[in-house]
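Numbering (this note's numbering), first residue to last: 3 to 323.
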């Protein structure tokens, strides 16, 4: 059995809310902005504790990013939050010009990312956000796997100098890490060691990857499961060491196959250590309305899908395609 303990199910956006409150307590320069979504992005506790540092800008996301950039110029550490679709695609010009190009210390914390927005449908199921943000020079991108890690990531981002994108989800997911675990931006975490295949994953799909590792062990296939919570800067040393050790790689993410974690790892391996790779992600299509798990199942982003991807990667390594 793999050693992990699920204490409860909680959403990553609530971990962010608690982390923001703690960051505000520790540093009076931390401020918060939202675009008419205070409760949905879990800023309520911060707004109540620090009303003079909370800014409700209304449904004006571009203006929110501009205000955040202005606050950063004056030494504040602004956290700007809305749904992922609005936090990236709707305001990309403002992020590029006023935050990234200008290297402002703005933290964009986006909730409701990926397929697991569920019934809200394709218009709100942002599958391109990591790719969009990854293209911006010096933009740090963090995708925590559970409530506790979202809390840790928020505190880390508050201390990190430079623009950051924090990707958060809507649904409750297994909470299996500890607030006391080591968390460092840019450093992946090996949750389980194996010799046959390395599984790199992030966000909501880290826990299913651990369950898949259990199933694969019954087939005498032993995989490493690595939580790459930071997409940029990428932990290239850890990725290369695991790829070289196992000789086969699987990437798993709740994002388009283009521009996400798998794309980054494939790019790295193709340039430095060509390795058989299977990429589990959404294949060149928009989402659709449905329950979160139904949508994950539709795109094979589940335990069964991960098991099959690992089997395929192992077969390719052994020349048994």
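Positions of the beta carbon are idealized from the N, C-alpha and C atoms, including for glycine.
- Annotated three-state conformation of residue 80 is strand, per DSSP.
- Measuring C-alpha to C-alpha distances from residue 170 to each of 145, 71 and 125 identifies 145 as the nearest.
- Counting other Cβ atoms within 10 Å of its Cβ, residue 61 stays below 16 and is therefore classed as exposed.
- Rounded to the nearest whole angstrom, the CA to CA distance from residue 130 to residue 265 is 12 Å.
- Taking C-beta atoms as the reference points, residue 278 and residue 247 fail to come closer than 7 Å.
- At the C-beta level, residue 74 and residue 29 stay beyond 7 Å of one another.
- By the Cβ test, the segment 111-131 is not in contact with the segment 209-228, since fewer than three Cβ pairs between them sit closer than 8 Å.
- Leaving aside the five residues that flank residue 173 on each side, the residues in its chain whose CB is nearer than 8 Å to its CB run, in chain order, 13, 118, 120, 206 and 294.
- Membership of residue 47 in the alpha helix (DSSP H) is indicated by the continuous run 46-51.
- Non-local C-beta neighbours of residue 64 in its own chain, meaning closer than 8 Å and more than five positions away in sequence, comprise 92, 93, 95 and 96, ordered along the chain.
- Taken through DSSP and simplified to helix, strand or coil, residue 176 comes out as strand.
- Where residue 273 is concerned, the enclosing alpha helix (DSSP H) starts and stops at 263-274.
- Between the segment 123-140 and the segment 40-53, the count of Cβ pairs shorter than 8 Å is below three; the stretches do not touch.
- CA-CA distance, residue 317 to residue 45, rounds to 47 Å.
- Comparing alpha-carbon positions, the option among 104, 34, 116 and 245 lying closest to residue 57 turns out to be 34.
- Residue 169: member of the beta strand (DSSP E) spanning 166-169, first to last residue.
- Between residue 255 and residue 249, the C-beta gap is not smaller than 7 Å, which leaves the two residues out of contact.
- If you keep only unbroken alpha helix (DSSP H) runs of at least 4 residues inside the segment 95-163, you get 131-136 and 149-161.
- Here the alpha carbons of residue 258 and residue 134 stand approximately 11 Å from one another.
- Only buried fits residue 36, as 16 or more other CB atoms lie within 10 angstroms of its CB.
- For residue 16, no beta strand (DSSP E) segment is defined; the enclosing uninterrupted segment is the alpha helix (DSSP H) at 14-28.
- In its chain, beyond the 5 residues on either side, 136, 141, 142 and 143 have a beta carbon closer than 7 Å to the beta carbon of residue 234.
- Note: residue 35 is bridge-paired with 57 and 82 in the DSSP secondary-structure output.
- For residue 319, the enclosing alpha helix (DSSP H) starts and ends at 305-319.
- In this chain, residue 247 is not harboured by any beta strand (DSSP E); it is covered by the alpha helix (DSSP H) spanning 238-248.
- According to DSSP, residue 195 shares a beta bridge with no other residue.
- By the neighbour-count definition (other C-beta atoms within 10 Å, threshold 16), residue 315 is a buried residue.
- Within the DSSP secondary-structure output, residue 232 pairs in a beta bridge with 144.
- Taking C-beta atoms as the reference points, residue 187 and residue 156 fail to come closer than 7 Å.
- Residue 32 is positioned such that its CB atom lies no closer than 7 Å to that of residue 71.
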